[in-house]
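A short worksheet on the structure shown next.
Residue numbers (this note's numbering): 19 to 347.
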């Protein structure tokens, strides 16, 4: 009799725990649904994104899709990217640059022709006697790992002479762009538990940070960041294609306070050097500037900001000719 009562108590306790977890999961999913409805970008985003069959990508853009966000038109080409149709590789010496990135390179809140990959193509076309094509493979919301997976799936097929990876200091965050968790069936409770574990692991490793977002995510996802750059270097060596990592700055409205995120830039530069990747710090192009007219927020440049990035990239490429001939010493 006592044993039976004990089992009943355990069953009741288990039922309470399961019920509590189910209620919490429903509440978290409800919150996510409300966040979607409150996000002005969510409606056009679902019109141009879909779940990907490639689990490493998680989601992708829909070939031929279009939407309108405010006064900005979004059009996806038949290859599945926000760019003009990619030209066939001609026998006339056309050089091809593939750009990987997230919402920055994609052109958040600016027209497609104002995004820095398209602006870079126009600059190089004016300054070079050789035909140049810049293919913008940036996808809003992608992190570095997804960008590498996309390089393997679609970027290398374009036979690029150079790959430019646009690195933004929020890239390690798995919810970059707010799209990732909208395309996964993962339980919200499991996702939160995994994030809590990573947070604790970052503390245990003794990484010092002030709690500032960018410093925290680079401590939190330190192992992921290192692994991504190792993989990127391995892909570059295996396929014989040079890779330039261009680090975009965090835009500060108070340049007189100095730039506190330079140590993160320096860490990325060291990772690039260790894995045979070229590096460009775009902070130099914005140093000392009041970015009120150059950026919408901490990460996303306005059209004039994109123009500055394109000029900095063009100047870097003009100074480093090796990308024209990957086999050159």
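All C-beta atoms in this analysis are idealised placements derived from N, C-alpha and C, irrespective of residue type, glycine included. Everything numeric in this text was worked out from a predicted model, so none of it was measured.
Query                                                                                                                           : Result
Residue nearest to residue 159 in terms of C-alpha spacing, selected from 152, 168, 153, 151                                    : 168
heavy atom of the ligand GTP below 8 Å from residue 99 C-beta                                                                   : Ligands are entirely absent from the displayed structure, and the ligand GTP is therefore not among its contents.
Alpha carbon of residue 128 to alpha carbon of residue 320, nearest angstrom                                                    : 7 Å
Extent of the continuous beta strand (DSSP E) to which residue 154 belongs                                                      : 150 to 154
Of the residues 249, 77, 112, the one placed nearest residue 10, counting alpha carbons only                                    : The question about residue 10 has no answer, for the chain in this structure spans 19 to 347.
Other residues of its chain near residue 123: CB distance less than 7 Å, five sequence neighbours each side excluded            : 117, 133, 134, 135, 154, 156, 184
Backbone CA spacing between residue 317 and residue 25 [nearest angstrom]                                                       : 56 Å
Inter-residue Cα distance where the pair is residue 33 and residue 303                                                          : 60 Å
Cut-off 8 Å between Cβ atoms - residues of its own chain near residue 151, not counting five sequence neighbours on either side : 104, 105, 112, 113, 114, 115, 139
Burial state of residue 38, where buried means 16 or more other Cβ atoms lie within 10 Å                                        : exposed
Residue interval of the alpha helix (DSSP H) (run including residue 238)                                                        : 231 to 238
Secondary structure, beta strand (DSSP E): runs of 3+ residues fully inside the segment 152 to 185                              : 180 to 185
Whole-angstrom distance between residue 144 and residue 191, CA atom to CA atom                                                 : 37 Å
Contact set for residue 81: own chain, Cβ-Cβ below 8 Å, skip 5 residues either direction                                        : 94, 95, 96, 97, 98
Residue 71 (DSSP reduced to helix, strand or coil)                                                                              : coil
Same chain, Cβ closer than 7 Å to residue 333, five either side skipped, listed in chain order                                  : none
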